[in-house]
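Chains as they are written, first to last, in our numbering: chain A, 53 to 377; chain B, 1218 to 1969. These notes concern the structure reproduced below.
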Amino acid sequence: MLRLPTFTYHRPKTAAEAVAIASEHGKQAMYVAGGTDLYPNMKRRHQTPTQVISLQDVPGLHAVEVLPDGRTAIGAMVTLTELEKHPHLLQHYPGFAHAVREISTPLLRNMGTIGGNLLLDTRCSYYDQGHEWRESIDFCMKKDGAICWVAPGSPRCWAVQSSDTVPVVCAMEADVELVGNAGTRTQKAGDLYRDDGIQYLTKKPEELLTRLVLPAPGTWKASYLKLRRRDTFDFPILGVGVCLWFEGGIITKANIRLGGAGSYAIPASDSEKLLVGQKLTDELIAAAGAAAMKPARTMDNTDQDVYWRKKVAPVFVARALEACK
Amino acid sequence: MSYEPKNPRDGVEITVGYRGLGGQPDRLEKRTVQPAEGDAPPWDANTPFAVVGTDVDRTDGIAKASGRAKYAYDITFPGMLQAMILRSTVARGVLTGLELDEARKMPGIGAVVALKEIGNKVRFVGDAIAAVAGTTLHAVRDAIEKIRATYEAEAHNVDFLQLPDAPMLGIAGDIDDEWPADENVDGALAAAKVTHTGTYRTEVQTHSSLETHGGVAKWNGKDLEVWNSTQATFGVRGELAGALKARGIEVESLTVHAEFIGGGFGSKFSAGIEALAGCLLAKEANAPVKLMLDRFEEHTCTGNRPSALMQVRAGLDDKGTITAWDWRSFGGCGFNGGGGSVAVPNYYTSQAKKRASHKELAMDTDPARPMRAPGHPQGWFGAELFLDELAAKAGIDPLEFRLHNDDQTIRQDQWRFGAERFGWQKARARTNDPKARYWHGVGLASARWGTLGNAGRPAHGITCRIHQDGTVESRSGAQDCGPGLKTVMAIITAEELGLPAERVKAVSGHTSDPSGPASGGSTTTPSLAPAVRHSAWLARQQLVELVAKHLGVPENQVACTGGKVGAGTAMLPWNEACKLIGPNPIEARGKRFDNYKQDPFFRGVCGCQFAEVEVDTWTGIVRTTRMLAIQDCGVVIAKKLAESQVLGAMIQGVSYALHEQRIMDRTSGRMLNGDFLRYKITGPKDLPQLECIMHTVHNGHANTSAAGLGEPPSVAAPAAVANAVFHALGVPLRHLPITPDKVLAALANRKV
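Set out below in structure tokens:
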């Protein structure tokens, strides 16, 4: 039976206080927002914080606001349910709103937050198991062990980036705001992630993600397309986030990110290069899709056949591009 | 309704058979049957039912939906301890050490029992080693971690195709071994006009009951009470009594309760090591103990439907009749090498020279347990897909091919009716534009099952009580594991007493009540319906006696109808009539008599299903868009629940055809997808539009003529989906589940 281990629960009243508690306890501390990722992981002993810091009472994390320059700032604690129904987001950021709606189930979206989803733990068949299960194979390198069971000769962990919002947020070049001991800093969302199944985030452990800031609506279009076995409820086994900037019908910039295909949302650079300076024709879409096969680095550590997942990447990239027409 | 109170000695003439569905012909005939002395007179095709066969709601529906229904998982007592089982981490070997003392000393621990002794064999990952009970699951978990179990591991195998006895497979996945010579079949194949061969595979499916196995054990001196999630209350009672006696534990009385069960599908006949462990822990701790398995244990330690490898070759004559049928199959079983046998339809091949062989192959995994029509979904998938391939080769429409070869009249009528309703001809004639992204296809498959229930030894019974306040009770000690025994009891009792079904309070699942069968083989309703009827009929006679005396009319003039009891214009409302009963309720013990010796109209049940799929040729993803089932089950008692059961089987069939598959890690011998996140079951958004038409057949084999329904609809569904995929793609996919990678591979290999 999976049970939560005991821990101390903190409810700081400000971001600075939260950061202070996190700094004090170091590796023993973790933030919790909706708890839909952290608590199941704690039950399986993936994460074993003795100090859990709730962000419930921290002001400024619970609102969606349109900034004077037209950008939209979303507090880290805003629930996914709120986002998927938000009129401003539905009107101006349909690709992002769609990605939010594709996450998990309504029940989990009621609890889950955008902050939690952006920082979602990476996943793997050999990692997302109970403690006893993992112990019996002597664990894996992501937690408590030394080997990667997916690629036993590999020096690195291949756990999979599995958030639905990350690919599209990275493609849109949204910003994230982080509060640390030195104050608040802003960076591109794409720079928050790195290509490693274990150290998949670049931020310092005590740094608190407070806001996601989406670019002002303009001459760009973004889309997200999710591949999973069942429409009812599944993590993505491929999640394509696309953002295209247009000028007079010509693509001036193209970002394509492949989620669920590696440890971070991988850029499909060859496809992007094909698009820039062109009109988005059916032929171009097909060509750009075809060029997305190579970057998808699928491993046999999630649902469905590994080669098939790579094979359908072009189809999904093409369809995601189609949605930006 | 009023009857002669007794069956005439020279037999009763009844009308058996059925009324045609849609425009199909009626098939009714007269037959004389001889009911046993004392049994209620038989219902037949001319009985004017008021409640039977109508849309009565599930009697416990509100209780279940509102959470008031108490499942084994919900049972709790003051001072109750929680328990867990330590399970083996090796797939095969010997237990070489087991140190329990440290666990016993842990805080909050009430009992620790060994379930294996040093030197015992360990047979699969998850084999039970020891059990611990304590005040909280946290305490138990901590204590479990202190148990030192050591093993001498041996080489294991969790892939049945890697076993030395497994047949050789060619590159395309076909069995490469030569067929042994057989004069009969070889001759028929040589003489056939069209021949075909194919190899088919299915994967291990787990039962995936929502409520896991386990329960609560509570001792009161030498009296033991057990709340268990089981499909066999009386079986569990017998099994536990035997196991405790074998361990020298004295039991004076043992009562099993299973009023609500969260699914079983065949995995919950046995008390299992978990129920025994609960009793032992409760004894040692001198406190009630709850032991429920977790989801991983449920997937890996409580049985499964084994995988199958099947090969068939067959031949047709120039009329399209199957003249040769050669079948061999292999079952991928658990360590005991049992339960993997495969069943195939026999009603297509009555004109054929036939041969069949089967071999069980034992892996180092959890043993098979019966699962909803054991062996049938596997075999029907292989056989029905093969038949579609054979028909395609001979240029015959699959429906025509079935109508030509199926020797069962009931299904012939069902095929015709179903095809019309489904729009078979039009859907089948549609061709896919090779350039279109989505391709469509339709397929069909047959169902069968063969139970009319049995009396049980000693005969099963039902108690019917009518109280002074008008309350009616119907009680069975058998379990209602979901299909709706309680609703069936309420309906039959209400029919007999002339009441609406909601006036009857049906209770099941306590072994203090009269015995019933295990809910397996689709036998619960056919076995118990006649006993329910008999109990209500006896109770009614007692009430009629009182009312006749009160009104001063002969008993044979008294009727119970429309909520009233009386004769002519002197009809007493039910509650007024019941006031005559007095403080002691009318209590009647109904009995399940043997089925009539005379031949029934039909010995089992038929059925057929139609499916439509949409294949995304870009990705290979298959969606089932529409399904229709035509299903009989003798006399349909609770129509709404019967339909619900068929729809459930169709959903389970879609899930089996497209998703479900146990994935084993060969190195560690463990299940990789032992949870509901990775063991994929069809979800609500992936369901097709489902329709079910129930078909009442009066078999005339007992006083109510109900037949079994649990398994038959699960036989056809996966095969119908696979045939629809074959139609859509033009190439068969012979290995379930039909995952998109297999579809894309098949499309790539397709001869253009």
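The C-beta atom is built at its ideal place from N, Cα and C for all residues, glycine as well. Keep in mind that this is a model prediction, so the values were computed, not measured.
Okay, do the region 1931-1951 of chain B and the region 1747-1755 of chain B touch, 3+ Cβ pairs below 8 angstroms being the bar? With the cut-off at 8 angstroms, the region 1931-1951 of chain B and the region 1747-1755 of chain B do not touch.
Decide if B:Gly1198 is buried, meaning its Cβ has at least 16 other Cβ atoms within 10 Å, or exposed. Within the shown structure, residues of chain B are numbered from 1218 to 1969, placing residue 1198 of chain B beyond reach of any answer.
For B:Thr1538, which option in B:Thr1412, B:Gly1452, B:Arg1628 has the closest C-alpha, if you only look at C-alpha atoms? Here residue 1538 of chain B is taken as the residue at index 321 of the second sequence, counted from 1. Of B:Thr1412, B:Gly1452, B:Arg1628, the smallest CA-CA separation from B:Thr1538 is found for B:Thr1412.
Under 8 angstroms between C-beta atoms, does B:Gly1837 make it to chain A? Within the second sequence, residue 1837 of chain B is the residue found at index 620, counting from 1. Interface residue, yes.
Cβ-Cβ separation, B:Thr1517 to B:Met1888 (assumed contact under 8 angstroms), whole Å: Position 671 of the second sequence, counted from the first residue, corresponds to residue 1888 of chain B. Position 300 of the second sequence, counted from the first residue, corresponds to residue 1517 of chain B. The pair is a contact, with the Cβ atoms about 5 angstroms apart (cut-off 8 angstroms).
Does the region 171-184 of chain A touch the region 213-231 of chain A, meaning 3 or more C-beta pairs lie closer than 8 angstroms? A contact is defined here as three or more CB-CB pairs under 8 angstroms, and the region 213-231 of chain A meets this definition with respect to the region 171-184 of chain A.
For B:Val1960, which of helix, strand or coil comes out of DSSP? For this step, residue 1960 of chain B is matched to residue 743 along the second sequence. Looking at B:Val1960 - three-state DSSP - the assignment turns out to be helix.
Sheet register partners of A:Phe298 (DSSP bridge): Within the first sequence, the letter at position 246 stands for residue 298 of chain A. BP columns for A:Phe298 point to A:Ile303.
So, helix, strand or coil for A:Asn93, using DSSP? By 1-based counting over the first sequence, the position of residue 93 of chain A is 41. Here DSSP, grouped into helix, strand and coil, assigns A:Asn93 to helix.
When you check each C-beta in the region 112-129 of chain A against every C-beta of chain B, which residues fall closer than 7 angstroms? Taking 7 angstroms as the Cβ-Cβ cut-off against chain B, none of the residues of the region 112-129 of chain A qualify.
Can you confirm whether the region 1565-1581 of chain B touches the region 1540-1549 of chain B when touching is taken to mean that 3 or more C-beta pairs between the two stretches lie within less than 8 angstroms? Yes, the region 1540-1549 of chain B is in contact with the region 1565-1581 of chain B.
Residues that B:Thr1899 contacts on chain A, provided the C-beta gap is smaller than 9 angstroms: In the second sequence, counting from the first residue as 1, residue 1899 of chain B sits at position 682. Under the 9 angstroms cutoff, chain A gives Arg282, Thr284.
When DSSP labels each residue in this structure, what does B:Ala1672 get in the three-state scheme? As a first step, residue 1672 of chain B is located in the second sequence; it is residue number 455 there, counting from the start. DSSP places B:Ala1672 in coil when its eight states are reduced to three.
Can you check which of these residues, B:Ile1613, B:Ser1574, B:Val1659, B:Lys1435, is closest to B:Pro1905 by C-alpha distance? For the purposes of this step, residue 1905 of chain B is taken as residue 688 along the second sequence, with counting starting at 1. If you compare the alpha carbons of B:Ile1613, B:Ser1574, B:Val1659, B:Lys1435 with that of B:Pro1905, the shortest gap goes to B:Val1659.
Helix, strand or coil: how does DSSP classify A:Leu113 here? Taking the first residue of the first sequence as position 1, residue 113 of chain A is located at position 61. The three-state reading of DSSP puts A:Leu113 in coil, since its state is none of H, G, I, E or B.
Coarse secondary structure for B:Glu1606, derived from DSSP in three states: For the purposes of this step, residue 1606 of chain B is identified with residue 389 of the second sequence, where counting begins at 1. Looking at B:Glu1606 - three-state DSSP - the assignment turns out to be helix.
Three Cβ pairs or more, each shorter than 8 angstroms: is that satisfied between the region 1418-1430 of chain B and the region 1523-1530 of chain B? Counting Cβ pairs under 8 angstroms, three or more are found: they touch.
Check the DSSP bridge columns for A:Trp210 and list the partner residues they point to. Within the first sequence, numbered from 1, the residue matching residue 210 of chain A stands at position 158. Residue pairing from DSSP leaves A:Trp210 without any beta-bridge partner.
For a cutoff of 8 angstroms on Cβ pairs, would you count B:Met1218 as touching chain A? Here residue 1218 of chain B corresponds to residue number 1 of the second sequence, with the count starting at 1. Residue placement at B:Met1218 is flagged as unreliable, the pLDDT there being 45, under the threshold of 50; a coordinate-derived value is accordingly withheld.
Please go through the same chain and pick out, in chain order, the residues whose beta-carbon is closer than 8 angstroms to the beta-carbon of B:Gly1799, but skip the five residues on each side of it. Looking up residue 1799 of chain B in the second sequence gives position 582. Only Gln1685 meet the Cβ criterion.
If you compare alpha carbons, which of B:Ala1711, B:Thr1472, B:Trp1632, B:Lys1500 is closest to B:Ile1847? By 1-based counting over the second sequence, the position of residue 1847 of chain B is 630. Nearest of B:Ala1711, B:Thr1472, B:Trp1632, B:Lys1500 to B:Ile1847, Cα basis: B:Trp1632.
Between the region 248-262 of chain A and the region 226-233 of chain A, do at least 3 Cβ pairs fall closer than 8 angstroms? They touch, by the three-pair rule.
Measuring CB to CB, does B:Glu1514 end up less than 8 angstroms from B:Ser1487? Numbered from 1 along the second sequence, position 297 holds the residue referred to as residue 1514 of chain B. Numbered from 1 along the second sequence, position 270 holds the residue referred to as residue 1487 of chain B. With a cutoff of 8 angstroms on beta-carbon distance, B:Glu1514 and B:Ser1487 are scored as not near each other.
Who are B:Val1832's beta bridge partners in DSSP? Here residue 1832 of chain B corresponds to residue number 615 of the second sequence, with the count starting at 1. Its beta-bridge partners are B:Trp1656, B:Val1839.
C-alpha gap between B:Lys1766 and B:Trp1791, whole angstroms: Counting from one through the second sequence, the residue named residue 1766 of chain B turns up at place 549. Counting from one through the second sequence, the residue named residue 1791 of chain B turns up at place 574. Between B:Lys1766 and B:Trp1791, the C-alpha separation is close to 16 angstroms.
Among A:Gly167, A:Thr102, A:Ala320, which residue has its Cα nearest to the Cα of A:Gly78? Here residue 78 of chain A refers to the residue found at position 26 when the first sequence is read from its first residue. The candidate whose alpha carbon is nearest that of A:Gly78 is A:Thr102.
Could you say if the region 1736-1744 of chain B and the region 1273-1293 of chain B meet the contact criterion of at least three C-beta pairs nearer than 8 angstroms? Inter-segment contact for the region 1736-1744 of chain B and the region 1273-1293 of chain B is absent: fewer than three beta-carbon pairs are separated by less than 8 angstroms.
Closer than 7 angstroms between beta carbons: that is the criterion. Which residues of the region 175-195 of chain A meet it against chain B? Closer than 7 angstroms at the C-beta level to chain B, one finds these residues of the region 175-195 of chain A: Ser177, Gly182, Trp185, Ser188, Ile189.
Touching or not, the region 302-317 of chain A and the region 242-250 of chain A, by the rule of three or more beta carbon pairs under 8 angstroms? Contact between the region 302-317 of chain A and the region 242-250 of chain A is present: three or more C-beta pairs spanning the two stretches fall below 8 angstroms.
Based on the DSSP secondary-structure assignment, which residues constitute the bridge partners of A:Pro319? As a working mapping, residue 319 of chain A is identified with position 267 in the first sequence. Answer by DSSP bridge pairing, in chain order: A:Arg309.
Let me know if A:Gly341 comes out buried or exposed under the rule of 16 or more other beta-carbons within 10 Å of its beta-carbon. What you label residue 341 of chain A is simply residue 289 of the first sequence in a count that begins at 1. If you draw a 10 Å sphere on the C-beta of A:Gly341, you find 16 or more other C-beta atoms in it, and that means buried.
Return helix, strand or coil for B:Ser1752, following the three-state DSSP convention. Start at 1 with the first residue of the second sequence, and residue 1752 of chain B comes out as number 535. When secondary structure is reduced to three states using DSSP, B:Ser1752 falls in the helix class.
Give a yes or no on whether 8 angstroms exceeds the smallest Cβ distance from A:Trp360 to chain B. As a working note, residue 360 of chain A is residue 308 in the first sequence. Output row for A:Trp360: interface = yes.
Would DSSP call A:Ala365 helix, strand or coil? Here the question's residue 365 of chain A lines up with position 313 in the first sequence. In the three-state scheme derived from DSSP, where H, G and I count as helix and E and B as strand, A:Ala365 is classed as helix.
What beta strand (DSSP E) runs, 3 residues minimum, are completely inside the region 1551-1628 of chain B? If only complete runs of 3 or more residues are kept, the region 1551-1628 of chain B shows the beta strand (DSSP E) at 1570-1579, in order along the chain.
Neighbour flag for A:Arg153 against chain B, beta carbons, 8 angstroms: On the first sequence, residue 153 of chain A is found 101 positions in, with the first residue counted as 1. Among the CB atoms of chain B, none fall inside 8 angstroms of the CB of A:Arg153.
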